[in-house]
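In the working numbering, the protein residues as written are 12 to 94.
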């Protein structure tokens, strides 16, 4: 989810970030923490805030499911909100 009041030329800037689970490999990332205020997966907000000070939803990645991987060629339906 974005805050359109922060959509400016900074969203096109070049940024690199080290990825710990790839042994510190640096990769290009799109970064504008003021613009991207939350991340949703399957209709559920799983992260709010910027890189520093942002928070994952309680239990996310441990006991909270938000989606699943699709096999190659598989078409997926939207997750049910009745859960």
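Think of the CB as a built atom: it goes at the ideal place given N, C-alpha and C, for glycine as much as any other residue.
Residue from the options with nearest C-alpha to residue i
i, options, result
"residue 40", "22, 56, 55, 51", "22"
"residue 70", "57, 80, 86, 78", "57"
"residue 13", "84, 35, 42", "42"
Other residues of its chain near residue i: CB distance less than 7 Å, five sequence neighbours each side excluded
i, result
"residue 65", "58, 59"
Segment limits, beta strand (DSSP E) that includes residue i
i, result
"residue 81", "Segment: none, residue 81 is in no beta strand (DSSP E) and carries neither H nor E."
"residue 36", "36-40"
Inter-residue CB distance, residue i and residue j (contact presumed, cutoff 8 Å)
i, j, result
"residue 78", "residue 51", "The pair is not a contact, with the Cβ atoms about 10 Å apart (cut-off 8 Å)."
Residues near residue i in its chain [Cβ-Cβ closer than 6 Å; skip 5 each side]
i, result
"residue 91", "Low confidence applies to residue 91: its pLDDT is 48, below 50, so where it sits in the model is not reliable, and the reading given next is rough at best. Excluding positions up to five away in sequence, the list is empty."
### Query
Are the stretch 24-39 and the stretch 47-55 touching by the rule of at least three beta carbon pairs closer than 8 Å?
Verdict: no, contact absent.
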